[in-house]
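Novice:
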Amino acid sequence: MGLANQGGPELIFIFLPNLFQAMPGSNILIIVFFVAVLFAGISSMINLFEAPIAAMEQQLGLSRRISVSLIVALAFLIVICIRGIVADRMDFVSIYICPLRAGLAGIMFFWVYGWDFVQSEVRKGRRREPGKWFCFMARYVFCGLTLLVFILGIVFGGIG
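Residue numbering for the sequence shown follows full-length UniProt numbering, starting at 1 and increasing by one per position.
Quick look at the structure:
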């Protein structure tokens with residue numbers, strides 16, 4: 001098994017390229033895979049930065065260009081300063097905190113706020129009503145699977 005049991009950087013940068021090498025057309029597959037990983041990372045960062053950028057625009061009246069520049073510069077400085085401190089803790093965050101946070105957000109949104117609020121929020125920007133399946137999927141499948149991922153992370157010490 002060896003590297004197949006690893007997670008994080010070892011999995012993506014060592015095990016998967018070795019796995020791709022065994023496939024026909026592996027050079028093209030590796031390029032497509034890592035470009036997809038690059039775009040996934042960039043789109044995730046855009047999503048994370050959007051809230052503070054919008055807050056700076058609305059609360060401080062700054063232009064988007066200045067808001068983006070300030071947030072990116074601040075994030076860069078923070079990452080440089082805390083890189084050595086948090087690097088070892090990122091597995092803990094991804095195994096326990098992310099599923100816990102997603103589960104709590106699901107419970108708050110789908111159970112605590114009430115179904116009328118959820119439907120009004122989901123309808124925004126949609127031309128048609130969500131299907132009848134949406135309530136069941138949101139309340140039971142999403143929250144249940146998130147709880148399961150959290151529990152399995154505790155039992156197995158992660159998913160890697």
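Backbone N, C-alpha and C fix where the C-beta goes; we use that ideal spot for every residue, glycine too.
Report the three-state DSSP secondary structure of residue 43 (helix, strand or coil).
Specialist: Translated into positions along the sequence shown, residue 43 becomes position 43. If DSSP states are grouped into helix, strand and coil, residue 43 belongs with the helices.
Novice: Helix, strand or coil for residue 104, going by three-state DSSP, please let me know.
Specialist: Position 104 of the sequence shown, counted from the start, is the residue given in the question as residue 104. Residue 104 falls in the helix class under three-state DSSP.
Novice: Does the beta-carbon of residue 1 have 16 or more other beta-carbons within 10 angstroms, so that it is buried, or is it exposed?
Specialist: Residue 1 sits at position 1 when you count from the first residue of the sequence shown. Since pLDDT at residue 1 reaches only 45, below the 50 mark, its modelled position is unreliable, and no value is offered.
Novice: Use the C-beta contact count for residue 99: other C-beta atoms within 10 angstroms, 16 or more gives buried, fewer gives exposed.
Specialist: As a working note, residue 99 is residue 99 in the sequence shown. Residue 99 is buried by the Cβ-count criterion.
Novice: Would you mind sorting residue 143 into buried or exposed? The rule is 16 or more other CB atoms within 10 Å of its CB.
Specialist: As a working mapping, residue 143 is identified with position 143 in the sequence shown. Classification of residue 143: buried, given that the 10 Å Cβ count is 16 or more.
Novice: Measuring CB to CB, does residue 41 end up less than 9 angstroms from residue 95?
Specialist: One-based indexing of the sequence shown puts residue 41 at position 41. One-based indexing of the sequence shown puts residue 95 at position 95. Contact flag unset, no.
Novice: According to the Cβ coordinates, are residue 28 and residue 17 closer than 9 angstroms?
Specialist: Taking the sequence shown and counting its residues from 1, one reaches residue 28 at position 28. Taking the sequence shown and counting its residues from 1, one reaches residue 17 at position 17. Contact: no.
Novice: Under three-state DSSP, which class holds residue 1?
Specialist: For the purposes of this step, residue 1 is identified with residue 1 of the sequence shown, where counting begins at 1. With a pLDDT of only 45 at residue 1, under 50, the local geometry of the prediction cannot be trusted, and no value is derived from it.
Novice: Is the separation between the beta-carbon of residue 12 and that of residue 35 shorter than 9 angstroms?
Specialist: Within the sequence shown, numbered from 1, the residue matching residue 12 stands at position 12. Within the sequence shown, numbered from 1, the residue matching residue 35 stands at position 35. No, the Cβ-Cβ distance between residue 12 and residue 35 is not below 9 angstroms.
Novice: What separation, rounded to the nearest whole angstrom, lies between the Cα atoms of residue 122 and residue 147?
Specialist: As a position in the sequence shown, residue 122 is number 122, starting the count at 1. As a position in the sequence shown, residue 147 is number 147, starting the count at 1. Cα-Cα distance, rounded: 23 angstroms.
Novice: What is the residue span of the alpha helix (DSSP H) that residue 133 lies within?
Specialist: The residue you call residue 133 lines up with position 133 of the sequence shown. From DSSP, the alpha helix (DSSP H) with residue 133 extends over 133–136.
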